[in-house]
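Engineer: Counting along the sequence shown from 1, when you hit position 15 you're at 14 in numbering that gives the first Met the number 0, and nothing is skipped either side. Beta carbons are placed, not taken as given, at the ideal position from N, Cα and C, and that holds for glycine.
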Amino acid sequence: MTDPSDPDVVERGATRSDPDLAEEVATPNDPDARDADDTPAPGPRMGLGRRRFLRVAAAGTVLGAVGCLGGLDEAGQRPLSENPVAANLQGRPRLGPGHGETPVTLVAFDDPSCPYCAKLSTGAMDRIESEWVAEGRATVYNRSYYFVEDWSRPAINGLLAAWDRDPDAYRHLEAAYFRHQDDLSVGNVAERTAGFLDGTDLAPEPVVAAVRDRPHASRIDADVEAAERAGIDGVPTVFVFDEGEFVTTLGNDDFEAYRSAVESNG
């Protein structure tokens, strides 16, 4: 069990919990665990071969470490060409050109309902986009790993529908989900999605339909399978590759941690 006194594991991300921490466990986010009305099934269940327990902290609660502090399987530490996180990247949301066209590739697993993913998006990722992506140094892929709140899976379907039609609208919608995490639920996420798209060039109807009908289940399941094959233990987890070689994983770290990781590899 994580030592709450360890300063290195504070505010890094949401992680799966030890079964002994059942009182802190959020509702498992497996769509198969729900009835048609989206009522969560009680208790943990198996998902893609691994039992999901997770601990989502209330304000001030210490969280377990993500990624680079341990938990990766051997497969998750392979070069990009052999790493499961690089499987099926075609069509995934990204910043920058395709991998192989930039020296640095980041593959980020996140969840629109994860508060630490929101912090990463407005922190290190903003600088990575403005400094590395804009300069042609990095490509960033976003892959989904839902397990914090029940509304995240329908929201991810909406995000993928937006990405397929208008990448700018995708970024706008993702930011809106992050900003309004506390206000969203399975019952209102479709309606709120329509409102979030006001002011964009994208008609909301196909995105709202995707939130309701969840047509992108296979793409989402492929992301979750890739994450589990790599052995990630929470979100956000960002795989850092330099010239195709695995460097490390990071989470809700500051930009300097990302810079140091890449520069130390050079």
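Check the C-beta distance from residue 152 over to residue 145 and give it rounded, since I have them as a contact under 8 angstroms.
Structural biologist: 5 angstroms
Engineer: At what residues does the beta strand (DSSP E) containing residue 139 begin and finish?
Structural biologist: Residue range 137-143 is occupied by the beta strand (DSSP E) that includes residue 139.
Engineer: In the DSSP assignment, find the alpha helix (DSSP H) that holds residue 125 and state where it starts and stops.
Structural biologist: Per DSSP, the continuous alpha helix (DSSP H) segment holding residue 125 begins and ends at 123-126.
Engineer: Leaving aside the five residues before and after residue 84 along the sequence, list all residues of the same chain whose C-beta is less than 6 angstroms from its C-beta, in chain order.
Structural biologist: 106, 225, 229 and 238
Engineer: Round the Cβ separation of residue 213 and residue 141 to the nearest angstrom and send it over; I've been treating them as touching at under 8 angstroms.
Structural biologist: Incorrect: roughly 18 angstroms between the Cβ atoms, too far for contact.
Engineer: Leaving aside the five residues before and after residue 193 along the sequence, list all residues of the same chain whose C-beta is less than 6 angstroms from its C-beta, in chain order.
Structural biologist: Closer than 6 angstroms at Cβ, skipping near neighbours: 203 and 207.
Engineer: Just to confirm before moving on: does the CB-CB distance between residue 177 and residue 263 stay below 8 angstroms?
Structural biologist: Not closer than 8 angstroms, so no.
Engineer: What's the gap between the Cα of residue 270 and the Cα of residue 101?
Structural biologist: The shown model of the chain, from 0 to 265, leaves out residue 270, and the question about it has no answer.
Engineer: Would you check if the stretch 111-127 and the stretch 159-179 touch, i.e. whether three or more CB-CB distances between them fall below 8 angstroms?
Structural biologist: yes
Engineer: Quick one: Cα of residue 223 to Cα of residue 129, how far?
Structural biologist: 28 angstroms
Engineer: At 3 residues or longer, and completely inside the stretch 78-125: list those beta strand (DSSP E) runs for me, N to C.
Structural biologist: 103-109
Engineer: Go ahead and pull the three-state DSSP assignment for residue 132.
Structural biologist: helix
Engineer: Does the beta-carbon distance from residue 122 to residue 231 come in below 8 angstroms?
Structural biologist: Taking 8 angstroms as the Cβ cut-off, residue 122 and residue 231 do not qualify as a contacting pair.
Engineer: Could you tell me the alpha carbon to alpha carbon distance between residue 89 and residue 182, rounded to whole angstroms?
Structural biologist: The C-alpha of residue 89 lies about 32 angstroms from the C-alpha of residue 182.
Engineer: Could you check the C-alpha separation between residue 72 and residue 86 for me, to the nearest Å?
Structural biologist: 16 angstroms
Engineer: In whole angstroms, give me the CA-to-CA distance for residue 241 and residue 257.
Structural biologist: 11 angstroms
Engineer: So for residue 198, helix, strand or coil by DSSP?
Structural biologist: Collapsing the DSSP output to three states places residue 198 in coil.
Engineer: If you drop the 5 nearest sequence neighbours on each side, which residues of the same chain put their C-beta closer than 8 angstroms to that of residue 244?
Structural biologist: 78, 79 and 264
Engineer: Measuring only the C-alpha atoms, how far is residue 143 from residue 156?
Structural biologist: For the pair residue 143 and residue 156, the Cα-to-Cα distance works out to about 10 angstroms.
Engineer: My understanding is that residue 200 touches residue 165, with C-beta atoms under 8 angstroms, so please give their C-beta distance in whole angstroms.
Structural biologist: At roughly 6 angstroms, the Cβ-Cβ gap stays under 8 angstroms, so residue 200 and residue 165 are in contact.
Engineer: Taking the DSSP output, what are the residues bridged to residue 192?
Structural biologist: BP columns for residue 192 are empty, so no partner.
Engineer: Quick check on this structure: which residue in 196, 112, 161 and 131 has the alpha carbon closest to the alpha carbon of residue 95?
Structural biologist: Of 196, 112, 161 and 131, the residue nearest in Cα terms is 131.
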